[in-house]
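The numbering used here numbers the first residue of the sequence shown as 211 and each following residue consecutively. Ideal Cβ placement from N, Cα and C applies to all residues, glycine included. One structure below.
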Amino acid sequence: MSQQIPQAKTIDEVILHLNIIIDAALTEKSTMGYFAVLYCKVTEKVKEGIANGMFQNGPRMEQLDVIFANRYIAAYYEYKWGLKPSTSWQVAFEYATDFWIVLLQHLLLGMNAHINLDLSIAAAQVAPGDKIQDLEADFNMINHILSSLVGNVETALSDVWPFLKWILKKTRHVDTFLIDFSMQEARNGAWKFAVQLAPLDTSQLQEQIVIRDQKITKIADLITNAGFIPSLIFKVLRLLEIGSIKSKIDKLRSVI
């Protein structure tokens, strides 16, 4: 009997599934836990936002969150069970075993696949056709929540690379700029693609998803192979990273 890929039905179940993935990463000492922690924190913030009336349509936002998360959860188990997730997720997960990929790159790889591809698909599914325009304000509120976590990510990175605090003073928070810029660019592209997908029928939708997935995978290549000088800098950063995978996951969990 084949295994059934877990899927959430509520935002609480999303958080439960994400914590299962994080706990598995802790046990397996897997860097796959880095993005899972960041994503779990985002989901918890969205849950708080729904409860506090931050969104125009709370029930719709929970539905969006669940559809969005289920794409990541499905991709995770498809990869773990030797099935085939989207190419952008396949690449992101494969780099989980690459010694030279630094914590920041792991986060960016996950954000690339999930925001640039999955968020657009989820938005188009929850608000098909002309309904997509009614979703824009709540979509932008998700952007605000994501941006609000950037400072916490910076704190975690500073603990992993202690000398980063000195660099931040010299570069005026270059890491915050890098993360926030990457997120903003991803979210802007995600909204445009969601609007493009919303009016399409099923076959057209799948065709565009495949094309988009290929484009997003090329961005993953830029994250991991950014040229000689950036790659050299990342290698130095990797050698200077402090702590085990478990300690980094615990640090992300405590400060984000």
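Taking C-alpha positions only, GLU451 is separated from LEU319 by approximately 18 Å. Listed in chain order, the non-local C-beta contacts of GLN424 below 8 Å within the same chain comprise THR297, local neighbours out to five positions each way being set aside. With the rule of 3 Cβ pairs closer than 8 Å, the region 342-353 counts as touching the region 396-412. For ASN353, the secondary structure class from DSSP, reduced to helix, strand or coil, is helix. Secondary structure note for ASP431: its alpha helix (DSSP H) is the uninterrupted segment 412-434.
Going by C-alpha positions, ASN350 is about 15 Å away from LEU359.
Scanning the region 286-316 from its first residue to its last, the whole alpha helix (DSSP H) runs of 4-plus residues come out as 297-304. By the neighbour-count criterion, in which a residue is buried when 16 or more other Cβ atoms sit within 10 angstroms of its Cβ, GLN315 is buried.
In the pairwise beta carbon analysis, the region 228-239 is classified as not touching the region 433-448: fewer than three pairs are separated by under 8 Å. In the three-state scheme derived from DSSP, where H, G and I count as helix and E and B as strand, MET271 is classed as helix.
In terms of Cβ geometry, ILE221 and ALA284 do not form a close pair [threshold 8 Å].
ILE277 is a Cβ neighbour of GLN335, given a cutoff of 8 Å. GLY292 and MET242 have their alpha carbons spaced roughly 16 Å apart. Going by C-alpha positions, GLU238 is about 13 Å away from SER457.
Excluding its 5 nearest sequence neighbours in each direction, ARG463 has C-beta neighbours in its own chain below 6 Å: VAL247, listed in chain order.
Taking the C-beta atoms as reference points, ALA332 is found no nearer than 8 Å to ALA302. In the three-state DSSP reduction, LYS219 falls in the coil class, being neither helix nor strand.
Per DSSP, reduced to three states, the secondary structure at MET264 is coil, with no helix or strand assignment.
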